[in-house]
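Protein chains in written order, with the numbering used here: chain X, 105 to 303; chain R, 2 to 244.
Below, the structure written as structure tokens:
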């Protein structure tokens, strides 16, 4: 045990994900030895994230104003909405530069075993957005695992009567992988979703 | 036995660190096993969808101090890909997986009958020949029966006098006669009780012919009975949807 402030810092750092007692101690001593200005920068960044960052009123992405950068952008296509689980997924899709529509962040996936049902996600908000009538296509981009698939199935069933085009991201073989290591479900999906090569 | 091989069903997965996952398996020979699947969450993982819930797998594990490590895995049946396309069947299936984990509860204590029961249950659910809620209720009743908590349905749970009796008391262990009837007993319809008997015995002909009202009542009784006997309730039961 160290003296008050140092031990306090170690305890607080140790509560972060992936940081064990030894790592917490190492970070604490690094901060103790660091320049005061560096530590202040870190403190300011931590405070700013709690004070300034909130969730976008439209899509649920993280934002610094009422609406996020993507919802404010007038060049975006209003007719397509891509539904994702987490704000991290928005960043991942943005990196591809393939998608120019809007997003909707659900805030997780349906996971009955964790007690998370459709009512715990931003499904109602999605339905409200769709009822405005501008959207013609909904892309379901939840994770390609069981919970993500179940969420996509649930949403697809809900959206069907609205007469929209509902699409799901393709599943298949990862680029740069080996066919022989692909599992049966993934390889099966790749076969289902095969496409003609047009030259 | 630092390296061992078994056959099992993936019950649940929890993220661990950057790209790993802890998978809980109900295996044929070893019972409940918690193991680490290294790098499963990476898109280029060699395990891929094999360690997703509902998958029946042939697996090689390395015994560790607290958690085992999955070294090789092959799919025997991927029930998940079928169940996930139908929301009511999926939610019923999740409740089955969660119940299996809670009923077996002790790690590495062989539970062959529970494994076979779960396997059969998932197979039936995936085939889609019966109402998913009936399959779930049949599984819950039989799983409790195998664990030693079979409800007394045709005799009094307290004094053993043969029935039929009219009242059901969850905390007494099933149907009770008018003399033993404790406070808080309920009077289910005879048809709902008959459905419970049919599900426990595997009499699908009678079960499939049952009325929707009796199915709902039967599900309520089974859920109450299950939650009473398991130390921690089954959370996913709340989210099971009727077909």
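Virtual Cβ for every residue (Gly too), placed ideally from N, Cα, C.
For the stretch 123-149 of chain X, the beta-carbon criterion of a distance under 9 Å to any beta-carbon of chain R is satisfied by none of its residues.
Under DSSP, residue 265 of chain X forms no beta bridge with any residue. Nearest to residue 212 of chain X by C-alpha distance, out of X:187, X:110 and X:301, is X:187.
CA-to-CA, the gap between residue 111 of chain R and residue 149 of chain R works out to about 16 Å. Burial state of residue 287 of chain X is buried, judged by a 10 Å Cβ sphere holding 16 or more other Cβ atoms. Shown here is that no member of the stretch 121-133 of chain R has a Cβ falling below 9 Å from a Cβ of chain X. Per the C-alpha coordinates, the member of X:184, X:207 and X:185 positioned closest to residue 195 of chain X is X:207. By the 16-neighbour rule on beta-carbons within 10 angstroms, residue 16 of chain R is exposed. Listed along chain R are 236, each with a C-beta nearer than 7 Å to that of residue 219 of chain X. Using a Cβ distance threshold of 7 Å, residue 246 of chain X and residue 256 of chain X count as a contacting pair. With fewer than 16 neighbouring CB atoms inside 10 Å of its own CB, residue 229 of chain R falls in the exposed class.
Residue pairing by DSSP leaves residue 172 of chain R without any beta bridge partner. At least one C-beta of chain X is nearer than 7 Å to the C-beta of residue 82 of chain R. The beta carbon of residue 160 of chain X sits closer than 6 Å to those of 167, 171, 172 and 175, all from its chain and outside the five residues before and after it, given in chain order. Among the residues facing chain X, residue 4 of chain R is not included, as its CB has no counterpart in that chain under 7 Å away. Counting C-beta atoms within 10 angstroms of its own C-beta, residue 48 of chain R has 16 or more neighbours from the protein chains shown and is therefore classed as buried. In this structure, residue 147 of chain R keeps its C-beta atom at 7 Å or more from the C-beta atom of residue 225 of chain R.
Only 92, 95, 96, 98 and 99 from the stretch 92-104 of chain R bring a Cβ to less than 8 Å from some Cβ of chain X. For residue 162 of chain X, the closest Cβ of chain R is not nearer than 7 Å. A contact is defined here as three or more CB-CB pairs under 8 Å, and the stretch 78-87 of chain R meets this definition with respect to the stretch 41-58 of chain R.
Using a Cβ-Cβ cut-off of 7 Å, residue 289 of chain X counts as an interface residue toward chain R, since at least one Cβ of chain R sits closer than that to its own. For residue 281 of chain X, a Cβ of chain R is located within less than 7 Å of the residue's own Cβ.
Residue 297 of chain X and residue 281 of chain X do not touch by the CB rule: their CB atoms are close to 16 Å apart, not below 8 Å. DSSP places residue 79 of chain R in the uninterrupted beta strand (DSSP E) bounded by 69-79.
In terms of Cβ geometry, residue 140 of chain R and residue 129 of chain R do not form a close pair [threshold 7 Å]. For residue 60 of chain R, the uninterrupted beta strand (DSSP E) segment begins and ends at 56-63. The C-beta distance from residue 38 of chain R to residue 52 of chain R rounds to 5 Å, short enough to fall under 8 Å. Any Cβ of chain R closer than 7 Å to the Cβ of residue 253 of chain X would place that residue at the interface, and such an atom is present. Contact with chain X is absent for residue 140 of chain R, since none of that chain's Cβ atoms lies less than 7 Å from the residue's Cβ.
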